[in-house]
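2 protein chains.
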Amino acid sequence: MQAVALDRTFHALSDPTRRAMVQRLARGPASVSELAKPLAISLPAVMQHLAVLETSGIVRTEKVGRVRTCSVEPKMLTLAERWIAERRESWERKLDRLADYLDATASENDNDGESK
Amino acid sequence: MQAVALDRTFHALSDPTRRAMVQRLARGPASVSELAKPLAISLPAVMQHLAVLETSGIVRTEKVGRVRTCSVEPKMLTLAERWIAERRESWERKLDRLADYLDATASENDNDGESK
DNA sequence: ATAATACTTAAGTACCTACTTAAGTATTGG
DNA sequence: CCAATACTTAAGTAGGTACTTAAGTATTAT
Numbered sequence: 001m002q003a004v005a006l007d008r009t010f011h012a013l014s015d016p017t018r019r020a021m022v023q024r025l026a027r028g029p030a031s032v033s034e035l036a037k038p039l040a041i042s043l044p045a046v047m048q049h050l051a052v053l054e055t056s057g058i059v060r061t062e063k064v065g066r067v068r069t070c071s072v073e074p075k076m077l078t079l080a081e082r083w084i085a086e087r088r089e090s091w092e093r094k095l096d097r098l099a100d101y102l103d104a105t106a107s108e109n110d111n112d113g114e115s116k
Numbered sequence: 001m002q003a004v005a006l007d008r009t010f011h012a013l014s015d016p017t018r019r020a021m022v023q024r025l026a027r028g029p030a031s032v033s034e035l036a037k038p039l040a041i042s043l044p045a046v047m048q049h050l051a052v053l054e055t056s057g058i059v060r061t062e063k064v065g066r067v068r069t070c071s072v073e074p075k076m077l078t079l080a081e082r083w084i085a086e087r088r089e090s091w092e093r094k095l096d097r098l099a100d101y102l103d104a105t106a107s108e109n110d111n112d113g114e115s116k
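Chains as they are written, first to last, in this note's numbering: chain H, 1 to 116; chain B, 1 to 116.
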């Protein structure tokens, strides 16, 4: 099962600083210090957030020379997105069937009719 | 901004027990004890998870007599789903533009041609 | 070679989470 | 009425999270 992957992905996205980092990276790759620049926290704190994002699989990083370049890895985003979408759609189908049933019941009452 | 709502929603979804509860509720409303039955934790623990889901807005509950009935509230699911989808799509558009650019560069090298 | 840059590691602190057991409060069936 | 049911509240505990500052280690520019 992929439960642990979802745990990590949703946990990673539950922090506003990490979401800001993902938002920045959605525009394209960035170094750690570029990522840190708009944030009002220390660089080690940024590193810790980055580790959470990387462990979850949302972000991939590669170090060349002294610069670590970070980029989005969309697979995990897609996994999380689909988990939500599937439950939401299941719920909405349920609602639709209920509406259909209520409509059917209402017209039965309208003409007091039964098939057969 | 809706940052706090996203914090709470993603946090709520980051726990496997809470996701199991959402999954059950996606099939239709349930009482607290129905929700608790398949889970290997105490009822107070289930209540605490339920409080997290309710505070996040993912689940709505209503008490009638001694039974509290829980159901999915899809608005917050949609909000979270769209947050992910927008960043993923932004990243994918970026990749597409890069691919286009590389294609264009490649054909320039093929025929060494420039328009005009 | 020296110094600036770009991270990285370590260690400590204040809160937050998920869980437990024990003891409650309403409702409802016999 | 009395007891079973369905939750609810309270309090405690073990472990996790998000930060901090201080002190590193590589790389690159002068």
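We put the CB at the ideal spot given by N, CA and C, even for glycine.
In the assembly as shown, Ser14/H is a buried residue. Its beta-carbon has 16 or more other beta-carbons within 10 Å. When Met21/H, Ala104/H and Arg82/H are compared, the shortest CA-CA separation from Gln48/H is found for Met21/H. Under the DSSP assignment, Ser71/B falls outside any alpha helix (DSSP H), being part of the beta strand (DSSP E) whose first and last residues are Val67 to Val72.
Per DSSP, Arg18/H lies in no beta strand (DSSP E); the unbroken alpha helix (DSSP H) holding it starts and ends at Pro16 to Ala26. Counting the other CB atoms within 10 Å of its CB gives Glu81/B a total of 16 or more, which places it among the buried residues.
With contacts defined by Cβ atoms closer than 8 Å, Ser71/H and Val59/H form a contacting pair.
When 7 Å is used as the limit between beta carbons, Gln23/H is near these residues of chain B: Arg87, in chain order. Chain B places a beta carbon closer than 8 Å to that of Ala80/H, counting this residue as a contact. For Val52/H, no Cβ of chain B is located within less than 8 Å of the residue's own Cβ. Around the C-beta of Arg93/B, fewer than 16 other C-beta atoms lie within 10 Å, and the residue is accordingly described as exposed. Beta-bridge partners assigned by DSSP to Ser31/H: Thr69/H. Around the beta carbon of Val64/B, fewer than 16 other beta carbons lie within 10 angstroms, which makes this residue exposed. For Lys37/H, the three-state secondary structure derived from DSSP is coil.
Between Leu39/B and Thr17/B, the CB-CB gap stays under 8 Å.
For the pair Glu62/B and Glu34/H, the Cα-to-Cα distance works out to about 48 Å.
Think of a sphere of 8 Å around the beta carbon of Asp96/H: no beta carbon from chain B falls inside it, the nearest being about 12 Å out.
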